[in-house]
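Peer 1: Quick one: this structure, given as structure tokens, is what I'll be asking you about.
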Amino acid sequence: MTKRTKPPMKHLAWAVLPAVLFSSAWNVLSDEKRSRGQLLYVPVYSEVPYGDKGLTLNLTATLSLRNTDSKHRITVDKVDYYSSTGKLVRSYLSKPVSLEPLASVEHVVRESDRSGGISASFLVEWESAASVSVPYVEVLMINSTYNQGIAFNSPARVLEEKP
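Numbering (the numbering used here), first residue to last: 16 to 178.
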């Protein structure tokens with residue numbers, strides 16, 4: 016009588032792994048979002064508290080808007096900066112800005128600018144005549160004083176889809 020053994024789990028893992036990887040790659044490729052326009056909310060941390068003494072570290076915040084569509088331009092209608100109390104601090108655009116395919120634009124909140132407070136935000140509105148790949152919008156916050164560095168990003172969140 017021969018003893019029957021269970022196959023080792025590592026063999027099963029190697030059999031399942033390609034299916035999982037292929038499935039994930041397929042989801043990334045097939046889940047491309049398209050839109051004709053959106054209103055986006057982007058959190059900004061222009062300063063962060065640290066330590067036990069109520070100290071804050073000022074950060075430079077760079078809003079990056081990237082047109083990810085390779086064929087169509089998009090129009091950025093609004094880039095407004097709001098304080099942590101919800102009050103409009105400033106509008107970065109005096110008129111709409113057109114972004115060509117794969118082009119990008121940045122708007123910077125300087126490290127010394129504390130007008131937004133700790134939990135500021137941007138509202139970004141964009142549109143396109145065609146249905147396009149949605150733009151990649153995020154804020155990068157950075158400080159590198161005292162030979163130390165801190166950097167992190169904050170992605171946009173869709174508040175409204177345009178019809």
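Just so you know, even glycine gets a beta-carbon here, dropped at the ideal spot from N, CA and C. Nothing here was measured: the structure is a model prediction, and the numbers come from that model.
On the three-state DSSP scale, how would you describe Y60?
Peer 2: Three-state DSSP puts Y60 in coil, outside helix and strand.
Peer 1: So what does P170 bridge to, in DSSP terms?
Peer 2: In the DSSP output, where bridge partners are listed per residue, P170 has E153.
Peer 1: For V152, is the classification buried or exposed, using 16 other Cβ atoms within 10 angstroms of its Cβ as the cut-off for buried?
Peer 2: V152 should be labelled buried.
Peer 1: Using 9 angstroms as the threshold, is the C-beta distance between V57 and S136 below it?
Peer 2: A contact, by the Cβ cut-off of 9 angstroms.
Peer 1: Report whether the distance from the Cβ of L54 to the nearest heavy atom of the ligand FAD is below 8 angstroms.
Peer 2: The ligand FAD is absent from the structure shown, which contains no ligand whatsoever.
Peer 1: For Y107, name the three-state secondary structure that DSSP assigns.
Peer 2: Reduced to three states, the DSSP call for Y107 is coil.
Peer 1: Could you spell out where the beta strand (DSSP E) holding Y97 opens and where it closes?
Peer 2: Residues 89-97.
Peer 1: Taking the C-alpha atoms as reference points, what is the distance between V112 and N162?
Peer 2: In a straight line, the C-alpha of V112 is about 37 angstroms away from that of N162.
Peer 1: Are the beta-carbon atoms of T75 and V124 separated by less than 9 angstroms?
Peer 2: Yes; because the gap between Cβ atoms is below 9 angstroms, this pair is in contact.
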